[in-house]
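Report on the following structure.
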Amino acid sequence: MNHLAALKEELCLEDRNQRDIRDYLMYLGYRDHYDEPNVIARAYACESLFVNHRKKVFINDLVVGSRFGLLADEYNVNEALLQKSAEIVRNYGQRTFLHNVDHYAPDYGWLLSEGIGGILEKISRSMKVHMDNQEKMVFLKSAEIAMSAFGKMIEQYGEAACEVAERAEAKQQEELLIAADICKKIRKEKPETFREALQFVWLTYIAFVYEGRYAMALGRMDQYLYPYYKRDLENGILTREDVKALMECTLYKIGEARYFGNDDVVNIAIGGIKADGGEGINELSYIILEAVRDCGIAGPNLSARLHSGMPDEFLDECLKVIGTGIGYPALMNDDVNIAALQRCGYELEDCRNYCMVGCIENFLPGQQPPWSDGRFNSPMYLELALNDGCSWQTGAQIGPHTGQISGIETMDDFLERLHIQMKAGAAEYMALFRNENDRFNRKNYMQPFLSALSASCIERGLDINDGGMKYPSAHAPGCMGIATMADSLAAIEQLVFTEKRITLSELRDALIADFEGYEDLQQALLEAPKYGNNDERADKYAVWYMGEHVRLFEDYRTPDGGRIYIAMASNVNNIPAGMEVAATADGRKCHEPLSDAASPMHGMDKKGPTATVLSTTKLDYTKAACGTVLNQKYSPSIFKDDEKRAKLAALIRVYFGRGGQEIQINSVSRETLIDAMEHPENYKSLVVRVSGFSALYITLDREVQEDILKRTEQA
Amino acid sequence: MKEITITNIQHFSIGDGPGIRTTVFLKGCNLHCPWCHNPETISPDVTEQYGRICTIESIVDEIMEDVEFYQESGGGVTLSGGEPLLQADACAEIAQICGEEGIPVLLDTAGNVEFYLFEKVLPYIDECYFDLKSGTETGYAQVGGDLQWTIDNMGAVVAAGVPTVVRIPIIPGFNDSVGSAEQMTRVLAGIEIKRVDLLPFHRLGSSKYTALGKNYQYKDIATMRPEQMKDLLAIFRENGFEVAVGG
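Quick note, the sequences are listed as chains P and X, same order.
So for the first sequence, the working numbering puts the first residue at 1; every next one is plus one.
So for the second sequence, the working numbering puts the first residue at 716; every next one is plus one.
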């Protein structure tokens with residue numbers, strides 16, 4: 001049995017019915033340091049999380065570090081103490097996703113080059129520089145506490161590996177003792193071999209997990225680990241097979257999150273060009289691809305960066321993995337993403353070195369604070385533009401007065417009123433975002449560990465969210481329902497202004513009535529031009545949509561002066577967002593899901609994938625710095641046949657050549673999806689692409705399952 | 716401009732020739748194969764459900780939309796049906812314009828027509844998919860066709876220098892025996908064909924029979940799996956043909 005199979009079996013046996021004691025671990029840190037400055041107390045809470053958790057080591061593992069230590073075991077924690085802990089932790093408070101706390105990737109290459117010893121030395125050197133600045137000294141002290149604690153945690157994992165090795169059989173024992181030696185070394189010294197480097201990276205991720213962070217990306221693993229890989233292979237220390245086994249044992253443990261309720265979304269970017277512009281696709285890119293395939297779990301969210309000069313083999317191997325049904329990797333266009341990031345003013349080398357965090361969010365690892373985004377429900381403003389700023393669903397005047405419907409005489413006139421409504425919505429969105437952030441005083445809500453992983457934070461003596469990073473924070477309102485919007489505008493233009501078949505008032509009445517008694521009109525709206533069919537009458541409004549969102553947000557900045565990105569990646573928010581939106585002029589009924597992400601509306605892209613490519617590439621995605629998601633679904637058979645797969649590859653090359661930004665593909669047959677809804681017990685490990693991530697199909701809400709089912713199957 | 720009657724234009728067609736293709740399904744066929752998976756293309760008449768009359772110009776415009784995909788994948792246009800040669804003038808005109816635009820054209824025919832109809836189209840055709848239903852006149856009589864005519868036309872197309880792939884739908888109880896395969900290899904002997912494709916029987920067209928209000932004789936016949944083609948493939952191979960399961 002190989003390591004992965006053995007680890008899979010062992011992981012299943014873990015007792016999951018224990019209490020999560022994160023609050024208690026933090027409390028242990030806080031309670032001994034109540035009188036210290038806030039940031040120091042936080043650093044000690046972090047220390048306690050690292051040092052006091054149970055070090056779970058699997059007997060079949062090669063790379064140690066597990067989140068199961070969050071579960072009570074040797075700790076006999078009573079209920080009252082847990083409540084007390086929760087109270088203290090709540091009182092100290094912590095930043096959340098909206099305040100730049102996770103969805104982050106450190107500069108792992110730098111971490112590996114320094115090791116804990118190197119970083120601690122940098123901190124002490126910086127202390128000498130900032131000796132006279134009390135605030136910075138306190139911050140640096142907190143960074144030192146966190147980093148030292150991390151070293152201690154690594155040491156403890158080494159000790160735990162030794163203990164487990166004692167009751168292991170010879171082969172496992174050998175591996176565990178190697179892992180123990182590695183931990184003993186890298187608790188201080190910098191990693192020198194591939195295995196040491198991977199162990200260090202994994203324990204950094206595990207430390208984030210103990211801190212309660214989510215979606216902490218592993219970034220460009222095939223780049224920062226490659227020098228170690230190459231050297232070890234040349235020196236005969238490792239084989240390609242060894243590397244794959246190490247990678248599998250590492251990535252499979254991302255799936256532990258499942259036992260805590262939700263899968264993590266850990267983005268890994270493979271391929272792409274290097275910071276210097278050279279080819280970045282290497283043997284490690286392929287090994288990671290294979291490892292993610294063989295793990296077969298949701299969680300390692302694999303992104304493949306493609307570029308115009310890449311070897312055809314890379315795309316083909318990506319398609320083969322997609323064809324297994326797990327939906328990984330998502331395919332990213334370097335040519336567009338790099339240009340999009342450059343538009344934000346980042347240096348070219350940094351842009352080329354981008355990875356993704358969370359689903360598809362473009363990110364400069366270790367150069368900017370953690371990511372945040374929200375939801376901007378664009379189609380909601382259609383209702384307001386048709387009704388003088390008043391929601392007919394609730395009767396509330398929530399938008400500005402833009403005039404009665406009878407006064408709207410041209411399409412341009414309507415678009416202008418729509419713009420005024422959206423502009424007011426954008427102002428509200430940004431105000432709420434700023435207020436939310438203002439609640440978190442930067443001096444009180446510091447991130448000692450995260451900051452200690454950044455060279456610039458250490459050098460400047462500043463927290464990651466307080467000017468410590470090279471670039472300020474970026475934020476994106478996730479723009480909902482591009483196709484719902486484009487199709488609605490196209491239908492209005494076609495039926496009201498071009499053909500004059502109906503008046504705007506009649507349309508509004510039909511929408512208020514949710515088409516009850518207006519079935520013929522609904523049919524006519526459904527037959528109007530639709531985005532995704534290479535029909536200029538609808539596509540031009542998708543182009544308008546992109547331009548409009550740029551116009552709405554380009555002048556705003558984040559609290560620390562960073563850019564507001566455009567994002568068309570709705571996650572599965574097209575479903576709840578749809579619940580807020582009245583019937584729309586594309587024929588969609590009230591509360592039904594909106595179109596997802598940057599995709600055409602389900603079932604409305606009737607002319608096949610070439611037309612979808614032609615329509616969707618009319619947009620200039622270099623304006624969408626965060627990224628976009630185009631969901632596509634193909635029958636599994638296309639991936640099994642070399643010739644057909646080559647045709648799909650050609651389609652993707654045209655899509656990217658024309659400026660497409662991202663494409664992700666589901667390849668699970670309709671029959672399988674339906675059967676899995678009816679007999680979930682037979683599909684316990686069916687992983688499918690959802691949106692910017694994959695998930696276990698049977699764990700998804702019924703509405704999300706149906707949403708995936710409704711996506712048009714292209715061939 | 717001339718008009719053409721079609722049932723459908725399919726983009727990203729990946730089973731009708733090399734690369735990414737746009738397939739134009741012309742309406743009207745002079746055979747009546749009971750297993751036909753495009754039964755809506757048999758009648759030349761336009762009904763409310765199936766078919767439309769288009770200008771050549773509009774067809775060409777739609778073909779041209781996907782030109783980048785043809786170039787990237789080595790694809791092009793496939794004229795299929797129905798029997799496209801029943802509208803040979805329209806086919807010729809489309810093929811000629813496509814040729815001028817550098818788009819390769821593939822003709823997918825059962826070839827049971829007067830050869831002069833082929834002659835109109837052949838100068839503009841890059842490749843031919845030529846159906847063979849059976850190796851016997853009896854077999855052909857069952858679908859309303861003529862074996863000798865088919866073979867003569869096929870020979871003439873090949874002689875005209877058009878690379879030709881023979882496409883054989885393998886139909887249970889009709890031509891799926893080893894004996895049938897041997898007969899087919901005999902009738903093909905002497906013709907310089909590029910490849911033989913065996914197309915295992917499937918029932919994907921059955922819903923269209925229901926929609927047409929027609930009885931589908933094959934509705935209870937099991938779909939054939941590629942593995943079932945093993946013996947037939949061997950026979951074609953033994954007789955010197957390059958053969959594949961495809962389509």
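Glycine included, each C-beta is placed from N, C-alpha and C at the ideal position.
Would the beta-carbon of residue i fall within 7 angstroms of that of residue j?
i	j	result
Arg19(P)	Val209(P)	no
Pro300(P)	Leu251(P)	yes
Ile206(P)	Gly358(P)	no
Lys443(P)	Ser456(P)	no
Leu111(P)	Met127(P)	no
Phe740(X)	Gly791(X)	no
Val704(P)	Tyr697(P)	no
Thr793(X)	Gly743(X)	no
Ala105(P)	Phe363(P)	yes
Taking the straight line between their C-alpha atoms, what separation do you get for residue i and residue j?
i	j	result
Cys806(X)	Val902(X)	28 angstroms
Ala904(X)	Gly955(X)	9 angstroms
Ile297(P)	Cys626(P)	26 angstroms
His726(X)	Glu14(P)	51 angstroms
Ser115(P)	Tyr229(P)	Reading off the sequence, residue 115(P) comes out as Gly, not Ser. Roughly 17 angstroms separates the two Cα atoms.
Asn682(P)	Ala676(P)	7 angstroms
Ala72(P)	Ile21(P)	6 angstroms
Met568(P)	Lys623(P)	11 angstroms
Leu467(P)	Cys249(P)	Reading the sequence as shown, one finds Gly at residue 467(P) and not Leu. Using only the alpha carbons, I get a separation of about 37 angstroms.
Thr938(X)	Trp750(X)	12 angstroms
Ala143(P)	His401(P)	52 angstroms
Gly517(P)	Ile492(P)	19 angstroms
Ser303(P)	Thr853(X)	58 angstroms
His99(P)	Ser694(P)	25 angstroms
Asn60(P)	Tyr157(P)	15 angstroms
Asn78(P)	Phe440(P)	32 angstroms
Asn960(X)	Ser685(P)	One detail in the question is off: residue 960(X) reads as Val in this sequence, not Asn. Val960(X) and Ser685(P): Cα-Cα distance of roughly 33 angstroms.
Gly327(P)	Thr738(X)	29 angstroms
Gly425(P)	Tyr634(P)	37 angstroms
Figure out for me which residue from the options has the closest Cα to the Cα of residue i.
i	options	result
Leu526(P)	Ile237(P), Phe414(P), Ala585(P) and Ile322(P)	Ala585(P)
Tyr108(P)	Phe497(P), Asp222(P), Val51(P) and Gly29(P)	Asp222(P)
Val321(P)	Gly309(P), Asn78(P), Thr699(P) and Asp294(P)	Asp294(P)
Phe58(P)	Ala170(P), Tyr224(P), Lys253(P) and Thr402(P)	Lys253(P)
Asn387(P)	Ile512(P), Leu7(P) and Asp560(P)	Ile512(P)
Ala773(P)	Ile408(P), Glu189(P), Tyr354(P) and Lys188(P)	Because chain P spans 1 through 715 in this model, residue 773(P) falls outside it and cannot be assessed.
Thr628(P)	Glu548(P), Tyr565(P) and Gln705(P)	Tyr565(P)
Leu198(P)	Tyr214(P), Lys188(P) and Tyr226(P)	Tyr226(P)
Asp861(X)	Ala810(X), Ser728(X) and His747(X)	His747(X)
Leu630(P)	Ile638(P), Tyr621(P) and Ala598(P)	Ala598(P)
Ile123(P)	Leu177(P), Leu614(P) and Arg460(P)	Arg460(P)
With which residues is residue i paired in a DSSP beta bridge?
i	result
Asn267(P)	Asn301(P)
Met216(P)	Tyr104(P)
Gly374(P)	Pro477(P)
Asn666(P)	Lys633(P)
Ala598(P)	None; Ala598(P) has no bridge partner.
Cys769(X)	Ile719(X)
Tyr844(X)	Asp823(X) and Val880(X)
Phe363(P)	Cys355(P)
Val336(P)	For Val336(P), which the question treats as bridged, DSSP gives no partner whatsoever.
Counting C-beta neighbours from all protein chains within 10 Å, is the total for residue i 16 or more, i.e. buried, or is it exposed?
i	result
Asn333(P)	buried
Gln523(P)	exposed
Ser85(P)	buried
Ile360(P)	buried
Pro329(P)	buried
Thr394(P)	exposed
Ile237(P)	exposed
Val893(X)	exposed
Would a check of beta-carbon distances place residue i closer than 7 angstroms to chain C?
i	result
Ile721(X)	Included in the structure are the protein chains P and X, with no chain C among them.
Should residue i be listed as close to the ligand GDP, given that the test is whether its C-beta is under 6 angstroms from any heavy atom?
i	result
Gly323(P)	Here there are no bound small molecules, and the ligand GDP is not part of this structure.
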